[in-house]
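Data block below; observations after.
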Amino acid sequence: MTAGRPVREALAAQLRAWDDEAWVALANRGLLRRARKDLEQTQPTLEEEGQEELRVRIGTHVVRFDARGPAQAVCTCPSTGPCQHLVAAGLWLTSQSGGSIPGPATAQDEAGPHDELMGFGAAELVAHAGRAGHRWAHQYACDLELERDVRVIRGRSTSITLASPRVTFRYMGGGLAGLVADIPLPSLGKYQAAAVLAYQRAHGTEPEPPAPAQRRAVEREEPLEPSRARLREATRRLLVDSVRLGLSHLSPAVHERFETVAVWAQGASYHRLALLLRRLADHVELLLARSAQADEERLLDEAALAFGLVAALEAAAVHGAAPAHLVGQSRSRYDAVRRMEVVGLGSAPWHTGSGYHGLTTLFWWPEEQRFLSLTDARPDTLAMWDPRTRHGAPGPWQGLASPSAAAGARLLLTDAQLSGNGRLSGVERTQAAVSRLDGAQLTQQLPVVTAFGALGERAAERASLLATPDPLRDWAVLAPAEFCAASFDPVGQRLLWPVRDADGTQLVLTLPWTTLTAPAVEHIERVAAAGVRAGTLVVCRLLATPQGLTAEPLSLVHPHRPAAEAPVQELHFDESGHRAEPPSTRTRVDEHDAGAVTTTSARLPRELTDLTSWHRRQAERGTAAASSPALAAELDRLHARLRETGLDVFGSDAQDSTVPGHDLAERLLVSHFVARQVQALLTGSPDAE
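Residue numbers are given in the UniProt record's numbering: position 539 of the sequence shown equals residue 539, and the series is strictly consecutive.
This is the structure we're talking about:
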C-alpha cells in the first residue's frame with residue numbers, strides 16, 4: 001500500500017540493524033528461540049498497514065508497530081513486556097524487507113544512528129524523561145569520567161555502555177524510546193537520557209545545562225552554613241539508619257531520602273558529597289528493583305566513605321573551615337585564563353578498557369608550580385583517528401603546529417580554558433605563541449627532585465580516601481645520579497629500568513609492554529644500552545604498588561642540548577623512526593588488558609579481611625536485627641585481633657571516642673572506613689582483598 005510507505009520504510013531502516021544481540025537485549029535469548037520456533041510453525045500475515053501504524057498477525061495475536069520501532073511495539077497477548085510474538089513479528093518483517101545486512105558496517109550505516117543521537121536536544125530529553133529526569137541525567141553525564149566510565153561502539157547499531165550501573169544501551173533508531181537497555185532499569189527514561197548525553201560528551205559536545213528549578217518569589221536565600229550543618233546531620237542519620245535497617249532491606253522511603261539529601265548537597269555547594277549521595281541513591285534504586293547490577297558490598301563501601309566525608313566536613317566546620325578538597329567542585333567546569341606560560345614535557349598515547357584511545361600532552365606551569373595536561377580522546381571505534389598519528393597532526397591551538405612541537409618549548413597561551421583539576425581544553429580560540437628553549441633554560445624552570453626518599457611521603461598523602469583525586473600530582477621530574485642497566489621481565493611483561501639518587505636510594509622506572517607501548521619499550525632499551533649522560537632528567541608518573549613505589553617514564557630532559565637538538569626526548573615517539581618488533585620473549589598484550597601486566601596484589605592480614613567480611617554481613621542484615629551487646633562484643637574481638645598485629649587504629653568500644661553514644665551502626669561505618677583506609681595504605685587500593 002502506498003499510503004503505508006512512511007511507517008514501513010522507517011521500520012525497514014531500523015530492522016536492518018536489529019541483530020540477535022539486539023533482540024536478546026529487548027527480550028531475552030529464550031524468547032528469541034521461541035519466536036524462531038513460532039515462525040517455523042506459523043506464517044505471520046500483514047493484517048493492516050496505515051500511514052502511522054502497521055499490524056502483524058501471528059497466530060491469535062496481533063503486534064502493532066509504529067515508526068518508533070520494535071522497542072515500542074505492543075502485542076495483544078497478556079504479557080506486560082516484550083513477548084515472543086513481538087520478536088517473531090519483528091523477525092518476519094526483517095525478512096520481508098530484505099533481512100539484516102551481513103558484513104562490516106559502512107560509514108553510511110554508522111551515520112544514521114550517530115546523527116540521531118547527536119541531534120537530541122534538551123527539549124526532546126525533557127519531553128522524554130521529564131524535567132527532574134533530565135536534571136538527573138545531565139548531572140549523571142557530567143559526573144562521568146569518559147575514558148573510564150563510558151564505552152561506545154558504532155556500527156549499523158550503536159552501543160553505549162555505562163559503568164555504574166553496568167548497562168549497555170543499543171540504538172538502532174526510533175527516537176529516545178528506541179534505546180534498548182540490556183538489563184531492567186527503574187526510571188528507564190532518565191537512564192536513556194543519560195546515555196544520550198554521555199554519547200554526546202564522548203563526541204566532543206558538552207550537554208546543554210537544564211533550566212534551573214523555579215523558586216517562589218517569596219522564597220529568600222538562606223545562609224549557607226546553617227543549611228550545611230543540617231545537611232550533615234541529616235546525611236549522618238540517613239547513613240546510620242540504612243545500616244540499622246540492613247542494606248538488603250531498604251525501602252522506597254530510604255531511596256527518597258537519599259535523593260533529597262543529594263539535591264540538598266548540590267544546593268549547598270557540597271559537590272563531592274552530592275556526587276556520593278547521587279551514587280548511593282542510584283544504587284538503592286537498583287536494589288529496590290532487584291537489578292543484577294545491585295551490590296550491597298559496594299553500597300557499604302560508598303556509605304562508609306560518605307560517612308567519613310561528613311565527619312571530616314563536620315570537624316572542619318567546627319573551626320569555621322570548608323576545605324576545597326572536601327567540598328569538591330564541578331568536574332565539567334573550565335575557567336578562562338587570559339594569559340599563561342607553560343613548557344611542554346612530552347606526550348604519550350593510551351588506550352582504556354572502556355573503548356577510548358587518545359593522546360595526553362604534559363605541561364609544567366612555572367608561575368603556579370603545577371603540572372597541567374591536554375588530552376585529545378576519541379572512542380576507538382572511530383575510523384581514521386589514531387593517537388600516534390595525532391602526535392604530529394596540526395593543532396589543537398592556533399599557533400601550535402602539533403602536540404609534538406610542544407615538547408621542549410615555551411608556550412604563551414592566550415584565552416586558555418583550564419579546569420580545576422589541571423586539564424587544559426583544546427578549544428580553537430586559544431592562541432599559542434611558541435618559542436624553543438635550550439636544555440639549560442628548560443631545566444631552570446622545572447621542579448627537579450634529587451632525593452627519592454621524599455617521594456614515598458607524597459605517595460602516602462595520596463593514599464587517603466578523602467584526598468582529592470588528582471592524577472597530575474603523581475608527576476615528577478627526577479634527577480638520577482645513576483642510570484642502571486634496563487632489563488625486561490618476561491613474567492610480568494614489563495620493562496625495568498632502575499635509577500639511583502646520590503644517597504643510593506633506588507627507584508625502578510617501569511613500563512608494561514603492550515602493543516601501544518612497544519615502541520617506547522624498544523626506545524628505552526636502546527637509550528639505556530647506549531648510556532645516559534650525567535645530569536639527564538626523567539619526567540615520570542609515580543605509581544604506588546604493593547611492592548613499593550615505582551615510576552612510569554614519559555620523557556628525558558637533556559640539560560646540555562641546544563634548542564635545535566630537542567632537549568626533551570619523548571620516549572613514546574622515537575625520532576629515529578625505528579619500528580618496534582616484539583622479541584620472542586614478549587607476549588603481545590592487548591591495550592584493554594594492560595593492567596594485567598602490573599605487579600600482583602599484596603596479601604592483606606587475614607584479620608583485616610575477616611573484619612571487612614563481618615562488616616558486610618552485618619550491614620546487609622542490619623544491626624537492629626540482632627543483639628547489640630553481642631554484636632558489639634564481636635566487633636571488639638575483631639578489633640583486638642588487629643591490634644595484636646600492630647594495627648592500633650582499631651579501638652574498642654570503650655576507647656572509641658569518635659562515635660557519640662557508641663551507636664553500633666555508627667561504629668560499624670567508622671570501622672569499615674578505617675579498614676578501607678588501611679587497605680589503601682597497605683596495597684595502594686582500598687578495594688584489594
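We treat Cβ as the ideally placed atom computed from N, Cα and C, and that holds for glycine.
{"query": "Three-way DSSP call (helix, strand, coil) for residue 49 in this model", "result": "strand"}
{"query": "Residue 661 versus residue 364 - alpha carbon distance", "result": "For residue 661, the predicted structure reports a pLDDT of 49, less than 50, and the residue's modelled location is therefore unreliable. A value from the coordinates is still provided. In a straight line, the C-alpha of residue 661 is about 50 Å away from that of residue 364."}
{"query": "CB-CB length for residue 328 against residue 271, believed under 8 Å", "result": "4 Å"}
{"query": "Which listed residue (627, 646, 618, 649) has its alpha carbon closest to that of residue 248", "result": "618"}
{"query": "Touching by the beta-carbon criterion (3+ pairs, under 8 Å), the stretch 167-184 and the stretch 117-134", "result": "yes"}
{"query": "In DSSP terms, what residue 112 is bridged to", "result": "Paired residue(s): none; residue 112 is not in a bridge."}
{"query": "Distance between residue 543 and residue 602 (C-alpha atoms, nearest Å)", "result": "For residue 602, the pLDDT reaches just 46, beneath the cut-off of 50, and the residue's location in the model is therefore unreliable, leaving the point undetermined."}
{"query": "Alpha-carbon spacing of residue 467 relative to residue 374, whole angstroms", "result": "23 Å"}
{"query": "Neighbourhood of residue 58 by C-beta distance below 7 Å, restricted to the same chain and skipping five residues each side", "result": "38, 42, 44, 85, 88, 89"}
{"query": "Distance, residue 154 Cα to residue 131 Cα", "result": "29 Å"}
{"query": "Neighbourhood of residue 532 by C-beta, 6 Å cutoff - its chain only, sequence neighbours within 5 removed", "result": "483"}
{"query": "Endpoints, beta strand (DSSP E) assigned at residue 414", "result": "409-419"}
{"query": "Burial state of residue 491 (16 or more Cβ within 10 Å)", "result": "exposed"}
{"query": "Cβ shell of residue 631 (< 8 Å), same chain only, five flanking positions each side left out", "result": "618, 623, 664"}
{"query": "Residue 313 and residue 276 closer than 8 Å at C-beta", "result": "no"}
{"query": "Residue 342 versus 431, 254, 260, residue with shortest Cα-Cα distance", "result": "431"}
{"query": "Whole-angstrom distance between residue 148 and residue 680, CA atom to CA atom", "result": "20 Å"}
{"query": "Limits of the unbroken alpha helix (DSSP H) element including residue 441", "result": "439-445"}
{"query": "Rounded Cβ spacing between residue 410 and residue 437 (contact assumed at less than 8 Å)", "result": "5 Å"}
{"query": "Candidates 377, 181, 357: closest to residue 205 by CA position", "result": "377"}
{"query": "Start-end ranges of the beta strand (DSSP E) lying completely within the stretch 336-380, minimum 3 residues", "result": "356-365, 370-379"}
{"query": "For residue 355 and residue 151, believed in contact at Cβ under 8 Å, the rounded distance", "result": "4 Å"}
{"query": "Buried versus exposed call for residue 392 [16 or more other C-beta atoms within 10 Å across all chains shown]", "result": "exposed"}
{"query": "Neighbour-count burial assignment, residue 529, 16 or more Cβ in a 10 Å radius", "result": "exposed"}
{"query": "Residue from 447, 444, 399 with nearest C-alpha to residue 427", "result": "399"}
{"query": "Endpoints, the alpha helix (DSSP H) within which residue 285 is located", "result": "271-288"}
{"query": "Rounded straight-line distance, which links the Cα of residue 224 to that of residue 316", "result": "15 Å"}
{"query": "Cross-strand partners of residue 614 (DSSP beta bridge)", "result": "In DSSP, residue 614 forms no bridge with anything."}
{"query": "Beta carbon of residue 346 nearer than 8 Å to that of residue 9", "result": "no"}
{"query": "Cβ-heavy atom distance, residue 40 to the ligand GTP, below 7 Å", "result": "Looking at this structure, you won't find the ligand GTP or any other ligand, since it has none at all."}
{"query": "3 or more residues per run - each beta strand (DSSP E) lying fully within the stretch 476-555", "result": "487-489, 494-500, 506-512, 537-545"}
{"query": "Between the CA atoms of residue 479 and residue 496 - distance to the nearest angstrom", "result": "18 Å"}
{"query": "Residue 429 - DSSP class collapsed to helix/strand/coil", "result": "coil"}
{"query": "Classification of residue 649 by the beta-carbon crowding that lies within 10 angstroms, buried from 16 upward", "result": "exposed"}
{"query": "Range of the contiguous beta strand (DSSP E) that encloses residue 61", "result": "61-65"}
{"query": "Reduced DSSP category for residue 609 - H, G, I as helix; E, B as strand; rest coil", "result": "helix"}
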